[in-house]
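Residue numbers (the numbering used here): -13 to 191.
Backbone N, C-alpha and C define an ideal beta-carbon position, used for all residues, glycine too.
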Amino acid sequence: MPDIRLLGLVVVPAGRAPGNVTQDWLGLALPAVQGGVAPLVVALVVAALLSRTRFAWLGIVAGYVTMIALSTGFAVSPLTASRKTMLVALAAPVIGVVADRMPKPSHVLAPALAVAAGILSVWVFASVLEQRAGIARYGVAAGIALFVAALTWLTLRLRDDGLRTGAAGLGLGLATGIAGVLSASVGFLLAGVSIAAAAGAMLLV
C-alpha cells in the first residue's frame, strides 16, 4: 500500500491534507471503518449478488478496493513497493476471471500462474532487495519468489471450494495485518484486515 501516516484516528495518505468533512462525518475516515467495516459490507453485497455464479470471490476484491478508495487512493507515482503490491492485487482478479471462464482449464494453468506470481514478487520488492548487499540479495529474492509461488499454487488448489477459499483468505489476511503491526506499516495492516473482513463475508453468504 502507499505510504500513509496517522493523524489522530484518521488515516491520511502521505502528501494529502486532511479535512474531508463529509468523510469524517460519516465515519469513513476511521481506520476501523476503512479496513474492516466498509470492506465487510461491500464484500457481503457483492458476494450475495454473485453467489449463484463462479465469481462470488470478487467480493474479496471489492472489499480490498473499498479500503484503497477510502484510505490511500489509487495513485501509482512514485512506483514504490507498496504501490506495486496494489497494482498486482488489482490485476490478479482480471486474470482470475479469465481463468474461471476457460471451459477446460489446462492442468498446467495453476503452476504457470504460481511461477508468474513468484517472478512478479521479485519485481514488487526490487527496491527493497536493492538495499541488500552482495549474494544475500539473490538469496532473499529467491526465498520471496519461492514463498509467493508456493502460496499461490496452494491457494489455487482451493478455488473450487468457496468455504475453504474464504477461510484461507481470512487467515492470510489476518496474518498480513499482524505483520503490518509488527513492521509498523499501517498500510499493510489495513490491507490485511480488509482482505480478512472481505473473506469473512464469503463465509457468511
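8 Å contact criterion, which residue i and residue j should meet: CB distance rounded
| i | j | result |
| --- | --- | --- |
| G166 | V172 | 7 Å |
| I130 | S107 | 5 Å |
| S96 | W139 | The sequence shown places Ala at residue 96, not Ser. Rounded, the Cβ-Cβ distance is 6 Å, consistent with contact. |
| A29 | A153 | Rounded, the Cβ-Cβ distance is 14 Å, inconsistent with contact. |
| M188 | I81 | Going by Cβ atoms, the distance from M188 to I81 rounds to 19 Å, so no, they are not a contact pair. |
| G104 | A67 | Actually they are not in contact, since the Cβ atoms of G104 and A67 sit about 16 Å apart, beyond 8 Å. |
Limits of the unbroken alpha helix (DSSP H) element including residue i
| i | result |
| --- | --- |
| M188 | V172 to L190 |
| R150 | G148 to L168 |
| W43 | Per DSSP, W43 belongs to no alpha helix (DSSP H) and is neither H nor E. |
| T141 | I121 to L142 |
| A88 | As written in the sequence, residue 88 is Met, which differs from the Ala given in the question. Here M88 belongs to no alpha helix (DSSP H), and DSSP marks it neither H nor E. |
| V27 | A24 to L35 |
| P97 | L95 to V110 |
Cα-Cα separation between residue i and residue j, rounded to whole angstroms
| i | j | result |
| --- | --- | --- |
| L175 | R87 | 33 Å |
| A55 | G21 | 11 Å |
| T58 | L144 | 31 Å |
| V126 | G120 | 11 Å |
| L44 | Q117 | 36 Å |
| A42 | A177 | 20 Å |
| G186 | M53 | 15 Å |
| D146 | K90 | 14 Å |
| P25 | A61 | 20 Å |
| A280 | A161 | In the structure as shown, the chain begins at -13 and stops at 191. Residue 280 is therefore absent and cannot be evaluated. |
| S92 | A85 | 10 Å |
| R(-9) | P17 | Residue confidence for R(-9) is low, a pLDDT of 41 falling below 50, so the modelled location carries little weight and cannot support an answer. |
| L132 | R150 | 23 Å |
| V110 | M72 | 10 Å |
| T39 | P64 | 38 Å |
| I181 | V94 | 27 Å |
| V(-3) | A15 | Here V(-3) scores only 47 on pLDDT, less than 50, and its place in the model should not be relied on; the value that follows carries that caveat. The straight-line gap from Cα to Cα measures roughly 7 Å. |
| V191 | K70 | 31 Å |
| L158 | Y124 | 26 Å |
| A75 | V101 | 16 Å |
Closer than 7 Å: residue i CB and nearest the ligand COA heavy atom
| i | result |
| --- | --- |
| Y50 | As presented, the structure is devoid of all ligands, the ligand COA included, so that no description of it is given. |
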